[in-house]
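Undergrad: Counting from 1, position 56 in the sequence shown corresponds to residue 455 in our numbering; the numbering is continuous, with no gaps.
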Amino acid sequence: MKFVLKIIVPAISMLLLAATSAVGASPLAGSEWGLAGQDTPFVRFEAEGRVAGHGGCNRFFGGYEISGESLKIGPLGATRMACAGPVMEEEAAFLARLQEAAGFRREDGRLELLDGEGGVLMVLHHRDWD
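(1) Following the continuous beta strand (DSSP E) through Arg-374, name the residue where it begins and the one where it ends.
(2) Whole angstroms are fine: how far does the CA of Ala-495 sit from the CA of Arg-458?
(3) Among Leu-434, Asp-527, Glu-511 and Leu-523, which one has its Cα closest to the Cα of Ser-469?
(4) Going by DSSP in three states, Gly-436 sits in which element: helix, strand or coil?
(5) Count the other CB atoms, across all protein chains shown, that sit within 10 Å of the CB of Gly-454; report buried if there are 16 or more and exposed otherwise.
(6) Is the CB-CB distance between Leu-523 and Gly-433 below 9 Å?
(7) When you compare each of Glu-490, Gly-484 and Ile-472 to Thr-478 by their alpha carbons, which one comes out closest?
(8) On the premise that Ile-465 lies in contact with Ser-425, defined as a C-beta separation below 8 Å, what is that separation, rounded to the nearest angstrom?
(9) Starting from the Cα of Gly-502, find the closest Cα among Ala-492, Phe-493, Arg-509 and Glu-516 and give me that residue.
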């Protein structure tokens, strides 16, 4: 009997913990999004409210929070590589839009990042996580 309790009780506890984690999981966790037709820039939403990606020149990282359809990304940190002017400008614009996002809409393999008034800041497309 003690042997059964030693196995069943921990197993049930693990199942309950897994179910609780799944309920609170972010709808974006485990997904990666990028601009159509480009390898970079991209953003990856990871578990536990972490975000990471590549801006075209530098890797970036930070946090994110989701509540319903509200989204807050950042603050973001990044490596400090130097690239050609246009690449750096595109990267700065991409990172700025990520951090300006106040909401999101997800449909048909697309992720629309929205500003505080519901306007579209940027449209990203689902990518396979490499």
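C-beta atoms are modelled at their ideal positions from N, C-alpha and C, and glycine is treated no differently.
TA: Result, derived from the coordinates:
(1) This structure cannot speak to residue 374, because the chain is shown only from 400 to 529.
(2) Distance from the CA atom of Arg-458 to the CA atom of Ala-495, rounded to whole angstroms, is 14 Å.
(3) Of the listed residues, the one whose Cα sits closest to Ser-469 is Glu-511.
(4) Note: Gly-436 maps to coil in three-state DSSP.
(5) By the neighbour-count criterion, in which 16 or more other beta carbons inside 10 Å mark a residue as buried, Gly-454 falls on the buried side.
(6) One thing to note: Leu-523 has its Cβ within 9 Å of the Cβ of Gly-433.
(7) Relative to Thr-478, the option among Glu-490, Gly-484 and Ile-472 whose CA is nearest is Glu-490.
(8) That belief holds up - the Cβ atoms of Ser-425 and Ile-465 are roughly 5 Å apart, short of 8 Å.
(9) Of the listed residues, the one whose Cα sits closest to Gly-502 is Glu-516.
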